[in-house]
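Residue numbers for the sequence shown follow my numbering, beginning at 57 and rising by one. Written out below as structure tokens is the structure these notes cover.
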Amino acid sequence: MYHGLLFAPDGKVIEIPGQEVVPPQARVKSYPVAERHSWIWVWMGDPTKADEALIPPAVGFDDPDYILGRGQLDYAAEARLINDNLLDFSHLTFVHAQSFGSDPDFARVLPSITPLPRGIRYLRWIENTFGSSTRKTDVPMDNFMAYDYLLPGILLMQTGVFPLGTAKACDFGHPDLSRAVGSLSFTSQAVTPVTEKTARYFFSWGPHRNFGNEETRDGMMRVAAQAFTEDKTMIEAQQRVIDGSPDAQVMPTAHDKGVTLFNRLIASMVKQEQEEQLSKELERTVS
57 MYHGLLFAPD
67 GKVIEIPGQE
77 VVPPQARVKS
87 YPVAERHSWI
97 WVWMGDPTKA
107 DEALIPPAVG
117 FDDPDYILGR
127 GQLDYAAEAR
137 LINDNLLDFS
147 HLTFVHAQSF
157 GSDPDFARVL
167 PSITPLPRGI
177 RYLRWIENTF
187 GSSTRKTDVP
197 MDNFMAYDYL
207 LPGILLMQTG
217 VFPLGTAKAC
227 DFGHPDLSRA
237 VGSLSFTSQA
247 VTPVTEKTAR
257 YFFSWGPHRN
267 FGNEETRDGM
277 MRVAAQAFTE
287 DKTMIEAQQR
297 VIDGSPDAQV
307 MPTAHDKGVT
317 LFNRLIASMV
327 KQEQEEQLSK
337 ELERTVS
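This is the structure in structure tokens:
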């Protein structure tokens, strides 16, 4: 309801105070919507192609295993730049030296990257490390990070600290999470375009219940708030540089494999959607 106007789920106005006749043009555009994992998912494309099976398996606030905090940031930058940032975590060593405080090896060790039908899968081990600011250890451990980055801009990440030697024991693949000893956490993040040059960033993060409580979560969220503000400062400055030099060419580095693959996937999906739309318009013209 809005100002007394009652809307049906399809966007049509079905009741107006003070008048019996509702004009047929009294309606707004509606979109398929689903509530899952504590988020509201909106399908902005062809309604006939809305498929709840495509909703990524984020971890919601009602998950029994994790104690999660939440937050959001508005960016004066296009969504693509935020995606690019989340698709290359080598910057953690430099941009987040005062927050996440990642091991210098984080920028040197290339992750394992696997293409997915609707995204990219990352997996990275840092061996023989004392951890970062949010999960320091007294003895050397193996740090594990794995995440899927899925269309249209969803990050689902598991991190943990394991006994030294775990990385080699599991052949640098996914470990048995029950063997985590120092930390185990999960974060779900979503990048949502608002306009061509602005975006909104949603995020949650927190520890597994075996490795923390609400106080642990709150401390992690304070670190995240600092780190994501560091990201925001850098990305918005990047947008200003791009706007001031639109003809500059992109120069990929060794860490940009995932960025390149994901941007190609986005371009492919956009092209497919445009071709389908053109085909429909041609069909209407012929008929």
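From the three backbone atoms N, C-alpha and C, an ideal C-beta is built for every residue, glycine too. Quick caveat, the model's predicted, so the values are computed rather than measured.
Query - Supposed close pair H311, L166 - CB separation, criterion 8 Å - result: Confirmed, about 7 Å.
Query - 7 Å Cβ cutoff met for Y205 and L143 - result: Yes, Cβ-Cβ distance for Y205 and L143 is below 7 Å.
Query - alpha helix (DSSP H) segment containing A132, residue limits - result: Counted as a single uninterrupted DSSP element, the stretch harbouring A132 is not any alpha helix (DSSP H), since DSSP gives it neither H nor E.
Query - Inter-residue Cα distance where the pair is E271 and Y203 - result: Distance between the alpha carbons of E271 and Y203 is about 25 Å.
Query raised in the report: How is A310 classed by DSSP in three states: helix, strand or coil?
Result: In the displayed model, A310 falls within a helix according to three-state DSSP.
Query raised in the report: Can you round the beta-carbon distance between P113 and L212 to whole angstroms, since I take them to be within the 8 Å contact cut?
Result: Right, their Cβ atoms sit about 7 Å apart.
**Report entry** Inside the stretch 178 to 233 only - alpha helix (DSSP H) runs reaching at least 4 residues
**Finding:** Fully enclosed alpha helix (DSSP H) runs of 4 or longer: 222 to 225.
Report task. Indicate whether A179 and G216 have their beta-carbon atoms separated by less than 7 Å. Result -> Note that residue 179 is Leu in the sequence shown, not Ala. Taking 7 Å as the Cβ cut-off, L179 and G216 do not qualify as a contacting pair.
Query - Own chain partners of V127 with C-beta closer than 6 Å, once the 5 adjacent residues on each side are dropped - result: Residue identity check: residue 127 is Gly in the sequence provided, not Val. Correct list, in chain order: F259.
Query raised in the report: Buried or exposed: which applies to T309, given that a residue is buried once 16 or more other Cβ atoms fall within 10 Å of its Cβ?
Result: Under a 10 Å Cβ-count criterion, T309 is classified as exposed, with fewer than 16 other Cβ atoms of the shown protein chains found around its own Cβ.
Query - Residue(s) in a DSSP beta bridge with G262 - result: F242.
Query raised in the report: Skipping 5 residues on each side, what residues in its chain have a beta carbon closer than 7 Å to that of D121?
Result: Within the same chain, D121 has close Cβ partners H264, R265.
Query raised in the report: Whose C-alpha, out of D194, P208, Q295, S86, is nearest the C-alpha of F218?
Result: Ranking the options by Cα distance to F218, first place goes to D194.
Query raised in the report: Where Q295 and D140 are concerned, what is the direct C-alpha to C-alpha distance, given to the nearest angstrom?
Result: Looking at the two C-alpha atoms, the distance is approximately 12 Å.
Requested in this report: Measure the C-alpha to C-alpha separation of Q328 and V77 and round it to an integer number of angstroms.
Outcome: Their Cα atoms are separated by approximately 42 Å.
Requested in this report: Specify the secondary structure class of S301 as computed by DSSP and reduced to three states.
Outcome: DSSP places S301 in coil when its eight states are reduced to three.
Query raised in the report: From this set, D66, G125, S234, which residue's C-alpha is nearest S94's C-alpha?
Result: Considering only alpha carbons, the answer is G125.
**Report entry** Among P231, F284, S86, the one whose alpha carbon lies nearest that of Y257
**Finding:** With distances taken between Cα atoms, Y257 lies closest to F284.
Query - Whole-angstrom C-beta distance between L220 and D198, which should lie under 8 Å - result: Correct: roughly 6 Å between the Cβ atoms.
Query raised in the report: Apart from the five residues on each side of it in sequence, which residues of its chain come closer than 8 Å, Cβ to Cβ, to L317?
Result: Counting only Cβ-Cβ distances below 8 Å, and skipping sequence neighbours, we find I169, P171, I176.
Requested in this report: Let me know the secondary structure DSSP gives F117 once reduced to three states.
Outcome: Coil, per DSSP.
Query - Simplified DSSP assignment, three categories, for L338 - result: For L338, the secondary structure class from DSSP, reduced to helix, strand or coil, is helix.
Query raised in the report: Should S324 and V115 be called a contact, given that it needs their Cβ atoms to be closer than 7 Å?
Result: No. Outside cutoff.
Query raised in the report: Hey, how far is the Cα of H230 from the Cα of A106?
Result: Approximately 32 Å between the Cα atoms of the pair.
Query raised in the report: Anyone know if the C-beta pair for A135 and A280 falls short of 7 Å?
Result: No. Outside cutoff.
Query raised in the report: Is it true that the CB of G67 sits closer than 7 Å to the CB of R83?
Result: It is a contact, given that the beta carbons lie within the stated cut-off.
Query - Cβ shell of P249 (< 6 Å), same chain only, five flanking positions each side left out - result: Counting only Cβ-Cβ distances below 6 Å, and skipping sequence neighbours, we find A135, A255.
Report task. Quick one: measure Cβ to Cβ for A133 and I291, integer angstroms, because I've assumed they're closer than 8 Å. Result -> The pair is a contact, with the Cβ atoms about 5 Å apart (cut-off 8 Å).
Requested in this report: Compute the distance between the beta-carbons of I123 and G262, then report whether it is under 7 Å.
Outcome: Using a Cβ distance threshold of 7 Å, I123 and G262 count as a contacting pair.
Query raised in the report: Which first and last residues belong to the beta strand (DSSP E) in which S168 is found?
Result: In the DSSP annotation of this structure, the continuous segment of the beta strand (DSSP E) that includes S168 starts and ends at 168 to 172.
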